Structure formats: C-alpha cells, structure tokens
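K.L.:
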Amino acid sequence: MRYAILLMGSPYSDQASHSALRFARALLARGHRLEAVFFYHDGVYNAARLSAPPQDEPHLTDGWVELHEAHGVAMQVCIAAALRRGLMDEREAARHGKTGHSVEAPFELTGVGQLVDLSQRCDRLVTFGA
Amino acid sequence: MSDQHEPLAGDLLVILRHAPHGSSWLREGLDVALVAAAFGTDVSLLFMGEGVTALVEGQASGALGQKGTAPTLEMLEMYDIETLWVEAEALTRFGLTADELMLAPRALEAGAIAEAVQNHPRVLTF
Numbered sequence: 001m002r003y004a005i006l007l008m009g010s011p012y013s014d015q016a017s018h019s020a021l022r023f024a025r026a027l028l029a030r031g032h033r034l035e036a037v038f039f040y041h042d043g044v045y046n047a048a049r050l051s052a053p054p055q056d057e058p059h060l061t062d063g064w065v066e067l068h069e070a071h072g073v074a075m076q077v078c079i080a081a082a083l084r085r086g087l088m089d090e091r092e093a094a095r096h097g098k099t100g101h102s103v104e105a106p107f108e109l110t111g112v113g114q115l116v117d118l119s120q121r122c123d124r125l126v127t128f129g130a
Numbered sequence: 001m002s003d004q005h006e007p008l009a010g011d012l013l014v015i016l017r018h019a020p021h022g023s024s025w026l027r028e029g030l031d032v033a034l035v036a037a038a039f040g041t042d043v044s045l046l047f048m049g050e051g052v053t054a055l056v057e058g059q060a061s062g063a064l065g066q067k068g069t070a071p072t073l074e075m076l077e078m079y080d081i082e083t084l085w086v087e088a089e090a091l092t093r094f095g096l097t098a099d100e101l102m103l104a105p106r107a108l109e110a111g112a113i114a115e116a117v118q119n120h121p122r123v124l125t126f
C-alpha cells in the first residue's frame, strides 16, 4: 500500500512524532511504500536543523533524514505553519532578511496543496498528533 | 439518527474540534478545508466539541491580536463548501441553540456523525 503521514505534534512535547517515526519504520519494514511525511501545525518543528536532544534520546530530525535517505520518503513542511514558527530555509531567510536559516534539505517547504494531493494519491493518510 | 434521508456523504470531511481563540488549530484546519476546496475537492465540515463555539455570531479578532475565524467562515460559500455540520451534543453542552450560530449548520446526533465519517473516503481532524 502507498501511505502518507500527516504529523502535527511538536517533537519532544508530545508522543506524536515518536509514534509517527516508529509507524513509518514499521510500515516500510513490511514492504509498504511511504510516499511522504507532511509536517503541519507544531509538527513543523521536526524539521528544525538545530534541534539537539540529549544523546541518550532518539534524534527525531535525524530519524526523518535517515528515512528519506534510505527509502526516498519526501519530507514536506507547510511553509505558512513553518514561517510563523521561525522555521525557514536559506531562500526564505534571504527573502525575509534573516541572518540564519533553520531548515535544510531533505525537508522542503511547500503548501497545504501538497497535503491534499497526498491524500488523493495515497491509499492511506495517517494523522499523528491531532 | 438523522431526521432527513439525504446521505451524509462526500469526498473529504474536515473535523474541527478546537475553539477559535487560544490555539491555531481551528485556523490551520480551516486553511486545509479552503485549499482542498480550491483544488476541486468536495469538502464537508463538521464542528465538534469546542469547535462549535467557532460558529457563535458576532466574533471579532481576539485580545491576542489573532485574526478571527468568522471572516474565513463567511468565505466558505465562495469556496463552494456548503456542507456544514455541527455536533448536536456539543451544542447542548455549551448551552447554544441553532439561532445563535452563523451559517445555519445542520446539527448531527452521534449516530449520524458515525455515518458521515464512514461515508467520506478521506477524513482530517484538527
């Protein structure tokens, strides 16, 4: 089956991100395809390049990057939700006159239209953190 | 169960469970509904729990300077979002009557809500 995940919970504040990552790994291990993870609401913080959890805790951002590298899972971040929370890539940082950026590839800033598209293209869209 | 026999069906059901002020859940949920409708999706909206308070008439922007959601709700028709439902039990819980609400949503009992969820291939909950 073709899956997509909608993740809306903040990493480390809620269980949602941990559950979503474990669910993603489990379905890939079973031979399913995971098309994309769409980060929305506080879920956008999963894309924070500078997140630095203690070493004995799971690193969620690195976990998503690994999934992208190993399985080609797209990491789509809602741009409107991200910008108002201080998350932007180099291009947006330049556009807004900021001195640093907080999001980089494989995370891509995109619109909610991508979420609608995913829900149409995939057999299952599973929400975490609502 | 519902008193009418028109099927509670559609393409995408967006469930809104948060009040308009105090968090961005309602606003971000409505954004998804509007974008989906703009993409040509047949969108149904269900206001549940605290979400029913979004429909109370006469709301302006909040004390925190957040944009109110009432202007967005008024735009729904323009986006062809015409199927509006509200949880009957939540109205009772918040002491609201149908004539206190904007947009005249149809009140659904628990059984009808289950039917609506079942009859939409896609459901997003905010």
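In order, the protein sequences belong to chains P and X. With the UniProt record's numbering, you'll find the first sequence wraps up at 130, consecutive numbering, no jumps. With the UniProt record's numbering, you'll find the second sequence wraps up at 126, consecutive numbering, no jumps. Beta carbons are placed, not taken as given, at the ideal position from N, Cα and C, and that holds for glycine. Owing to the predicted nature of the structure, the values given are computational and were not obtained by experimental measurement.
1. Pull up the distance between the alpha-carbon of P60 of chain X and that of V86 of chain X, whole angstroms please.
2. Quick one: Cα of A116 of chain X to Cα of T92 of chain X, how far?
3. Within its chain, find whatever has a CB closer than 6 angstroms to the CB of A38 of chain X; leave out the 5 residues flanking it on each side and keep chain order.
4. Give the straight-line distance between the Cα atoms of R121 of chain P and A36 of chain P, rounded to the nearest whole angstrom.
5. Buried or exposed, going by whether 16 or more other CB atoms sit within 10 Å of the CB of M88 of chain P?
6. Can you tell me whether A105 of chain X is buried or exposed, with buried defined as 16 or more other CB within 10 angstroms of its CB?
7. Can you tell me whether S119 of chain P is buried or exposed? The criterion is at least 16 other CB atoms within 10 Å of its CB, across all chains shown.
8. Using 8 angstroms for Cβ pairs, my map puts D42 of chain P next to M8 of chain P. What's the rounded Cβ distance?
9. Are any of the Cβ atoms in chain P nearer than 7 angstroms to that of F39 of chain X?
10. Exposed or buried, which one is S44 of chain X when buried takes at least 16 other CB atoms within 10 Å?
11. Does any CB atom of chain P fall closer than 7 angstroms to the CB of I113 of chain X?
12. Can you tell me whether M1 of chain X is helix, strand or coil according to DSSP?
13. From the DSSP output, which residues share a beta bridge with L108 of chain X?
14. Within the chosen definition, does the stretch 100–114 of chain P reach the stretch 13–24 of chain X through at least 3 CB pairs nearer than 8 angstroms?
15. So, is the C-beta of G9 of chain P closer than 7 angstroms to a C-beta in chain X?
16. Chain P partners of A36 of chain X, CB-CB under 9 angstroms?
17. Measure the CB-CB distance between S102 of chain P and R49 of chain P and report whether it falls below 7 angstroms.
18. Counting only the same chain and skipping the five closest in sequence on each side, list residues whose C-beta sits under 6 angstroms from that of A70 of chain X.
19. Can you pull the chain P residues whose beta carbon is under 9 angstroms from the beta carbon of E64 of chain X, in chain order?
20. Measure the C-alpha to C-alpha separation of T61 of chain P and V126 of chain P and round it to an integer number of angstroms.
21. Taking the alpha carbon of E77 of chain X as the point to measure from, which residue in X:S23, X:Q66, X:L34 has its own alpha carbon closest?
22. Beta carbons nearer than 7 angstroms to chain X: which residues of the stretch 29–54 of chain P have them?
23. How many angstroms separate the CA atom of P7 of chain X from the CA atom of A63 of chain X?
P.N.:
In short, the structure shows the following:
1. Within the second sequence, numbered from 1, the residue matching residue 60 of chain X stands at position 60. Within the second sequence, numbered from 1, the residue matching residue 86 of chain X stands at position 86. Reading the sequence as shown, one finds Ala at residue 60 of chain X and not Pro. Taking the straight line joining both Cα atoms gives about 21 angstroms.
2. Along the second sequence, one-based indexing puts residue 116 of chain X at 116. Along the second sequence, one-based indexing puts residue 92 of chain X at 92. Cα to Cα, the separation comes out at about 20 angstroms.
3. If you number the second sequence from 1, residue 38 of chain X lands on position 38. The answer is none, since no qualifying residue turns up.
4. Locating residue 121 of chain P in the first sequence gives position 121, where the first residue counts as 1. Locating residue 36 of chain P in the first sequence gives position 36, where the first residue counts as 1. Their backbone Cα atoms lie some 11 angstroms apart in a straight line.
5. Numbered from 1 along the first sequence, position 88 holds the residue referred to as residue 88 of chain P. Classification of M88 of chain P: buried, given that the 10 Å Cβ count is 16 or more.
6. Counted from its first residue, the second sequence places residue 105 of chain X at position 105. Note on residue identity: the sequence assigns Pro, not Ala, to residue 105 of chain X. So P105 of chain X counts as buried.
7. The residue given as residue 119 of chain P occupies position 119 in the first sequence. Its Cβ being crowded by 16 or more others within 10 Å, S119 of chain P is buried.
8. As a first step, residue 42 of chain P must be located in the first sequence, where it is residue number 42. As a first step, residue 8 of chain P must be located in the first sequence, where it is residue number 8. Right, the Cβ-Cβ distance comes to about 7 angstroms (below 8 angstroms), so this counts as a contact.
9. Stepping through the second sequence from its first residue, residue 39 of chain X is reached at position 39. Yes, F39 of chain X lies at the interface with chain P (some Cβ there is under 7 angstroms from its Cβ).
10. Here residue 44 of chain X is taken as the residue at index 44 of the second sequence, counted from 1. Looking at its Cβ environment, which holds 16 or more other Cβ atoms inside 10 Å, S44 of chain X is buried.
11. Position 113 of the second sequence holds residue 113 of chain X. No, its Cβ sits nowhere closer than 7 angstroms to a Cβ of chain P.
12. As a working mapping, residue 1 of chain X is identified with position 1 in the second sequence. Annotation note: pLDDT 49 at M1 of chain X (below 50); position unreliable, coordinate value reported separately. Reduced to three states, the DSSP call for M1 of chain X is coil.
13. Position 108 of the second sequence, counted from the start, is the residue given in the question as residue 108 of chain X. The partner list for L108 of chain X (beta bridge, DSSP) reads X:E87.
14. No, because fewer than three Cβ pairs between the stretch 100–114 of chain P and the stretch 13–24 of chain X fall closer than 8 angstroms, the two stretches do not touch.
15. Position 9 of the first sequence, counted from the start, is the residue given in the question as residue 9 of chain P. So no, G9 of chain P is outside the interface.
16. The count along the second sequence starts at 1 and reaches residue 36 of chain X at position 36. The answer, in chain order, is V112, G113, L115, V116, S119.
17. Looking up residue 102 of chain P in the first sequence gives position 102. Looking up residue 49 of chain P in the first sequence gives position 49. Annotated as proximal: S102 of chain P and R49 of chain P, with beta-carbon spacing under 7 angstroms.
18. Against the second sequence, residue 70 of chain X aligns to sequence position 70. Hits under 6 angstroms: Q59.
19. Counted from its first residue, the second sequence places residue 64 of chain X at position 64. Correcting the residue type first, residue 64 of chain X is Leu in the shown sequence and not Glu. Going along chain P, no residue has its Cβ under 9 angstroms from L64 of chain X, so there is no contact; the nearest lies around 13 angstroms.
20. On the first sequence, residue 61 of chain P is found 61 positions in, with the first residue counted as 1. On the first sequence, residue 126 of chain P is found 126 positions in, with the first residue counted as 1. Between the alpha carbons of T61 of chain P and V126 of chain P lies a gap of roughly 19 angstroms.
21. The residue labelled residue 77 of chain X in the question sits at position 77 within the second sequence. If we check each option's Cα against that of E77 of chain X, X:L34 comes out closest.
22. The residues in question are Y40, H41.
23. To locate residue 7 of chain X, count along the second sequence from 1; it is residue 7. To locate residue 63 of chain X, count along the second sequence from 1; it is residue 63. Looking at the two C-alpha atoms, the distance is approximately 41 angstroms.
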